[in-house]
Each structure stands twice: as structure tokens, then as C-alpha cells.
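*Asks:* I have a structure I would like to understand better, so I am pasting it below and will then ask my questions one at a time.
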Amino acid sequence: MGKKGGNEKKGAKTFKVKCSQCHTVEEGGAHKQGPNLYGFFGRQSGQADGYSYSSANKKSGVTWADDTLFEYLENPKKYIKGTKMVFAGIKKPAERKDLIAYLKKSCTA
1174 MGKKGGNEKK
1184 GAKTFKVKCS
1194 QCHTVEEGGA
1204 HKQGPNLYGF
1214 FGRQSGQADG
1224 YSYSSANKKS
1234 GVTWADDTLF
1244 EYLENPKKYI
1254 KGTKMVFAGI
1264 KKPAERKDLI
1274 AYLKKSCTA
């Protein structure tokens, strides 16, 4: 892929190692410690049915897109102060781009 997009295969590996303990991506997937992520692109944060979000997440007004997710994944607690997501973040920009490429493919109808 070009410089703009990430590598889905690398992103899948990142998801498996860093995200799958708390999240699922398939349509109708279960909520774990974190919500199922299917269909979250283009949706406002805190909207997955059946998941108990922090009020900070519900009130953040963030709409998930490449740019918002790129910033969020670097440091979730800084991006949405008061989130209950206990993840330190992914500091490497390329790793975040790869993960976003994977999520866009896996979580979109």
C-alpha cells in the first residue's frame, strides 16, 4: 500500500496481540471488557448497543474516522479523559495506520 494507508496483515497481527483480549470485530460479536467494534467507523463514540460505556466516552462527541482513531490509539486516556479503556496506546504511527487499515476492513459492512 502507499504511504497513506496501512498494511492490513500487520494490523491484524497488532489487533490480535494488543486488542483482541478486550475487543471483537465480527458482526454480532460479543462485548468483552471493551465493546465489539463492528460498524464503529463513522459512528459517534459510546454507541454500541448493549455495552456500558463511561460517561466520558458517551459525551465525547468523537466520530470515529481515520484521523480521530489515529489520535485516539496513540493515547486513549489523553484523547478521551475519563475513558475506562485501560490501554496505554500505540506510539508508532505506522503501527497505528496498520491497525486502522485492519479495523476498516474487518469492522465495516
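Residue numbers (our numbering): 1174 to 1282. The beta-carbon is built from N, C-alpha and C at its ideal position, and this holds for glycine as well.
What residues in its chain sit with their C-beta under 6 Å from that of Arg-1269, if we drop five residues either side in the sequence?
*Replies:* So the qualifying residues of the chain are Phe-1243, Leu-1246, Ile-1263.
*Asks:* When burial is assigned at 16 or more other CB atoms within 10 Å of the CB, is Ala-1238 buried or exposed?
*Replies:* Answer is exposed; the Cβ neighbour count stays below 16.
*Asks:* Quick one, are the C-beta atoms of Thr-1197 and Asn-1209 less than 7 Å apart?
*Replies:* Yes.
*Asks:* For Thr-1256, count neighbouring Cβ atoms within 10 angstroms of its own Cβ and tell me buried if that reaches 16, exposed if not.
*Replies:* Counting Cβ neighbours within 10 Å, Thr-1256 comes out buried, since at least 16 surround it.
*Asks:* Evaluate Pro-1249 with the Cβ neighbour count: other Cβ atoms within 10 Å of its Cβ, from every protein chain shown; 16 or more gives buried, anything less gives exposed.
*Replies:* Pro-1249 comes out buried.
*Asks:* Helix, strand or coil for Thr-1187? Go by DSSP, reduced to three states.
*Replies:* Thr-1187 falls in the helix class under three-state DSSP.
*Asks:* Who are the Cβ neighbours of Gly-1254 in its own chain at under 8 Å, not counting the five residues just before and after it?
*Replies:* In the sequence as presented, Gly is not what sits at residue 1254; that position holds Lys. So the list reads Ala-1229, once near-sequence residues are dropped.
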